[in-house]
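Let me begin by presenting the structure, written as structure tokens, before commenting on it.
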Amino acid sequence: MRPLRIPGLRSCGSGRVRSFLLTVAVLAAAPAAMAQQPVIDFRPPDIEAAKVCADRKSNDALELQWANWDGGQLPSGVEYRDLDRELMRLRNLDANKYFDTVKSAYDLRRQEDPYYSRAAYLLDVVALYVEAERFDELKATGFVTELETIGPSATPGTINFLADLYLEGRAVPQDIDRGIQRKLQAAYNGDPDAVLYLAEKTSKGEAVPGWEMDPQLAFTLGFSSLLGNLDNAICGRVRRIARAFESGEVIAQDHALAEAWYRFAADLGDDQSAWQTARYHLSGEGIEKDNTTLLRYLQQAFDADIVPAKVQMAKLYEEGDLVPPDLGRAMAIYEELAAEGEPVGYERAIQLLARRGLDTPQDRQKYEDMLEALTKLPDAPGWAFSRLGALTQEENGLWSDQEASRKLFEAAAERGDGEGKLHLARLYLRDGDAQDRLKAIAILEDLISTEAKAGAIDALRNALLCKAPDGPQIAEWARWKSLEGEDWWRLFEDVTEAQLTDKADAFADLQASAIAGSMKDAGGVAAILTELEPARVDEIIEHWRALVRDHDGGEASVLEGAYNAVDTDARREKIRSALQQLADDGDIAAMAALAEIYMSEGDAASLEKATELVEGAGGRMKGSALWHLDDAYREAGKGRYQPPEALMNDIAAFGDFEALLFAADRVTSDDRRDFYYGRAELIMPCDIDALGVKAGYALDAGRPDTADEALAVALALSPEEGWQQVKLGDIYLTLGSIADREAAFKLYTEAYEQGYRPAAWRLLDWYSDPGSRFYQEDDHVKLLTELLNSAEPDELYSIASRLKKAPDSVRTKISQVFDMQDAYRQAAGTGNPVAMRELAKLLRSGGGSVESEKSEASGWLEKAAKAGDAEAMLMLAQAYAFGVGVEHSADKAKEWLKAAADAGDETAANLFSGLETN
1 MRPLRIPGLR SCGSGRVRSF LLTVAVLAAA PAAMAQQPVI DFRPPDIEAA
51 KVCADRKSND ALELQWANWD GGQLPSGVEY RDLDRELMRL RNLDANKYFD
101 TVKSAYDLRR QEDPYYSRAA YLLDVVALYV EAERFDELKA TGFVTELETI
151 GPSATPGTIN FLADLYLEGR AVPQDIDRGI QRKLQAAYNG DPDAVLYLAE
201 KTSKGEAVPG WEMDPQLAFT LGFSSLLGNL DNAICGRVRR IARAFESGEV
251 IAQDHALAEA WYRFAADLGD DQSAWQTARY HLSGEGIEKD NTTLLRYLQQ
301 AFDADIVPAK VQMAKLYEEG DLVPPDLGRA MAIYEELAAE GEPVGYERAI
351 QLLARRGLDT PQDRQKYEDM LEALTKLPDA PGWAFSRLGA LTQEENGLWS
401 DQEASRKLFE AAAERGDGEG KLHLARLYLR DGDAQDRLKA IAILEDLIST
451 EAKAGAIDAL RNALLCKAPD GPQIAEWARW KSLEGEDWWR LFEDVTEAQL
501 TDKADAFADL QASAIAGSMK DAGGVAAILT ELEPARVDEI IEHWRALVRD
551 HDGGEASVLE GAYNAVDTDA RREKIRSALQ QLADDGDIAA MAALAEIYMS
601 EGDAASLEKA TELVEGAGGR MKGSALWHLD DAYREAGKGR YQPPEALMND
651 IAAFGDFEAL LFAADRVTSD DRRDFYYGRA ELIMPCDIDA LGVKAGYALD
701 AGRPDTADEA LAVALALSPE EGWQQVKLGD IYLTLGSIAD REAAFKLYTE
751 AYEQGYRPAA WRLLDWYSDP GSRFYQEDDH VKLLTELLNS AEPDELYSIA
801 SRLKKAPDSV RTKISQVFDM QDAYRQAAGT GNPVAMRELA KLLRSGGGSV
851 ESEKSEASGW LEKAAKAGDA EAMLMLAQAY AFGVGVEHSA DKAKEWLKAA
901 ADAGDETAAN LFSGLETN
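Take 1 as the starting number for the sequence shown in the numbering used here and just add one per residue.
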């Protein structure tokens, strides 16, 4: 073998290295202690690359080969150096399992190979005993003592091996001084491992008597000697050098040199190093990334069946990054890895199937088969059991095959999977006894404390408040209530950009909750962003659909949120089409969203489409959609909605809380009603909305005690937050008794006093009836005055409209402290068209004999009309028709009348139609 020439270092044989080291030890003057790791500039030699590294058998192939060896003679056609490497690999794989095999091979070689010295044999066999930790047997052989007696004639490698035994106390009593002396002897005789060991110690500032070489020089010489000749074992040695530069544990970290050494080994034919090179160009850590280099070495590693390289290549095909996107090719790679028993193959295939969407029965079956196969592997991840359990529930419903899903969740929990623990706790709460309830609480408290698991706080609230057998455990819940997540989307009602900036942390929490799987929050994010930037709605939808695609109902939630916030019919229609595509593929959430849209349109054809969607989704349809469909039927004069019997049966298996309550409300027999109601109670969410539905149902069903219990829990949930107080007030108001109405009024008042503005509108509704027992004129005046003084430009008209309907005495008092004309003038100055129109009205009605006021009124009208206000357009048309404040112009009158009609003003449309007819 020819020696390698390292830049900056003369080539020398082992004798010359030994001599050089001795000389340096005498002449080196560097201090023994160094505070920092030495910086080493040791680069790969500049040689023409040749594939000198031997093809490496896989571990499976190696084990299979030697498992079939009869032990009679050494395998034919295998060179001794290759034999050494294979036996060493067997030893490192499992020294005890292959002990007899490896020992027999060494014994046979000792008989056959005249160049295999007794010292070399002893070194190999002692290393085997040590790796197998058979120290008592080794002592009985006397091999270590024999190895010691070889003395000066032993190779530097043998001396270094003995040094390690003494330093580690393996097979011999630990003797640090003797070990260091052996290291010095081996180093001065040119053993690279000994040189690097001493270099490492002194680089950390440790003094080693007898070794005064500068660590920087010692590392350079050690690496050079380690590199050795250009033989087929060089790549393993090169990887060791590369790892030293990469880790930075013993020398200064240098990623550029680490990458260079890995690339050098890859060019010599080492496929593991090809993967390490590709990995560097994937991350770009400490180097300048180069995609051509990346693809070249990634392909080399891929062709060699290096598992992480195959995974990365498949990822590139998945993402369409650097190669054309090809999900089929990516799936084929993952399936090939799975067929080879690689867990990552199953894991990535499962994730890709979920990402593509389980749109066909074949996809769903493949997904289930992959999950089941993954759970059967040793050390299968807990999440696979969780997903399989959830899939079982989804396919069979919560009430069938419960034992199978329970066992899967238990297996997931045993493996530390948070989702599995959460599912298991929910099962304990739903189906278990008192002991199971305590287990569930312990699991949930641990999940909250150690993982901050989303959903665990909700489940714990359920256990302590809604499912507590002796009533809400309010004191116990108080320990955890501060960790309860807010309904973040409620922070952004009537959102503005300034408000979003002020509440940046809350919005970040909202987005995090959406990404983590809260589909309500995903819709909230989409609505907020769309309302702020309607022109970017396509970009917003695309981005957020991608982020939540893996969550059931995620895409539909994003689309529905954006639909409710967009500002044009064209954009709404585009979103509706996207929802329709999802619904056509069987997306239940999209079907529910579309049904809600059709219900809102109010015509018979739309109501029929909504009914088809609700019934087409079966028992998995959101229960709220069933109740809304019932409302739509009543408003259309069709009476109440009665689901077909097939849907009722499907609801029994798959229905959510509100769907089960709806079914209970529609059956006629007490037994069936109790059946549906019992299941509804078992899966009821523990939140104000659900408690309100339960209270309302219970009251209608003649169960006042149940309604009171629900309200008691709701009160325990909600006294502090304004939005919660309003929600609870709405529930009380629905129940209808005088006591309930008094409770509602009190909650609205408390919510308003703590600054929750929507509560003011509830109170204004109460004050609309001066004859009510709750009416207080002074409070009415105070409320309207505060609202007017704090009104945003787009709120002013709505509040002023309430003022117009107030009693004369209220209007008089407010006129004394609030100038409506001045308020409208300020709002009009901000560009609000409604304020412009209303200011024009006031200018006309307030002694408009002054020509300047008529002219100003017309000016504001024209601005409002040009800003798109339909009523202002009609008023401006009338002004031109009669010459009020403007010069008479029939043409302009007709022009603005048509504009008002086109903008949707019915009066203008009728007038314009009459003009056209005449």
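Ideal Cβ positions, reconstructed from N, Cα and C, are used throughout, including at glycine.
When C-alpha distances from T375 are compared across Q393, G397, I350, the shortest belongs to I350. G553 places its beta carbon less than 8 Å from that of A589. With a cutoff of 8 Å on beta-carbon distance, A105 and L87 are scored as near each other.
Non-local C-beta neighbours of Y633 in its own chain, meaning closer than 8 Å and more than five positions away in sequence, comprise L607, G639, R640, Y641, ordered along the chain. Non-local beta-carbon contacts of D379 in its own chain, meaning distances under 8 Å to residues more than five positions away in sequence, involve P343 in chain order. Between the C-alpha atoms of A800 and E645 there is a straight-line separation of about 51 Å.
Going by beta carbons, K863 and M836 fall inside the 8 Å limit. D822: member of the alpha helix (DSSP H) spanning 820-829, first to last residue. Taking every protein chain shown into account, the CB of T220 has 16 or more other CB atoms within 10 angstroms, so this residue is buried.
Distances from the alpha-carbon of L371 to those of D656, D705, E335, G859 put E335 closest. The DSSP assignment places 176-188, 192-203 as complete runs of the alpha helix (DSSP H) inside the segment 166-226, in order along the chain (cut-off: 4 residues).
Annotation for D417: G382, W383, S386 place their beta carbon closer than 6 Å to its own, counting only its chain and skipping 5 residues before and after.
Cβ-Cβ distances below 7 Å link L699 to A707, L735 in the same chain, with the five nearest sequence neighbours on each side left out; the list follows chain order. For L230, the closest C-alpha among the options Q816, A49, P770, T568 is that of A49. If you draw a straight line from the Cα of D458 to the Cα of P685, it comes to about 8 Å. Taking each of V52, D100, I47 in turn and checking the Cα distance to D70, the smallest one comes out for D100. Non-local beta-carbon contacts of A583 in its own chain, meaning distances under 6 Å to residues more than five positions away in sequence, involve A590, M591, L594 in chain order. K57 has its alpha-carbon roughly 11 Å from the corresponding atom of D305.
The residue from H551, R549, A556 with its alpha-carbon nearest to that of A527 is A556.
V195 counts as buried, since no fewer than 16 other beta carbons sit within 10 angstroms of its beta carbon.
The alpha-carbon separation between S76 and N68 amounts to approximately 14 Å. Restricting attention to alpha helix (DSSP H) runs no shorter than 4 residues, the segment 260-299 encloses them at 271-283, ordered along the chain.
When only Cα atoms are considered, A605 and A578 end up about 20 Å apart. Listed in chain order, the alpha helix (DSSP H) runs fully inside the segment 563-605 are 569-584, 588-601, counting runs of at least 4 residues. Going by DSSP, Q816 is part of the alpha helix (DSSP H) stretching over 808-817.
At the C-beta level, A570 and G619 stay beyond 8 Å of one another. Of all C-beta pairs linking the segment 756-771 to the segment 709-725, three or more are shorter than 8 Å, placing the two stretches in contact.
With a cut-off of 8 Å on Cβ pairs, the segment 809-816 is not in contact with the segment 824-838, counting fewer than three such pairs. DSSP places R134 outside any alpha helix (DSSP H), giving it a letter other than H or E. In the three-state scheme derived from DSSP, where H, G and I count as helix and E and B as strand, H423 is classed as helix. Taking a 10 Å sphere around the C-beta of S772, we find fewer than 16 other C-beta atoms and assign the residue as exposed.
Non-local beta-carbon contacts of Q36 in its own chain, meaning distances under 8 Å to residues more than five positions away in sequence, involve A252 in chain order. A Cβ-Cβ contact shorter than 8 Å links I333 with A314.
Taking 8 Å as the cut-off, the Cβ atoms of L876 and L861 count as close. T360 sits in coil when the DSSP states are folded into three classes, being neither helix nor strand.
Annotation for V525: the continuous alpha helix (DSSP H) segment containing it runs 519-532.
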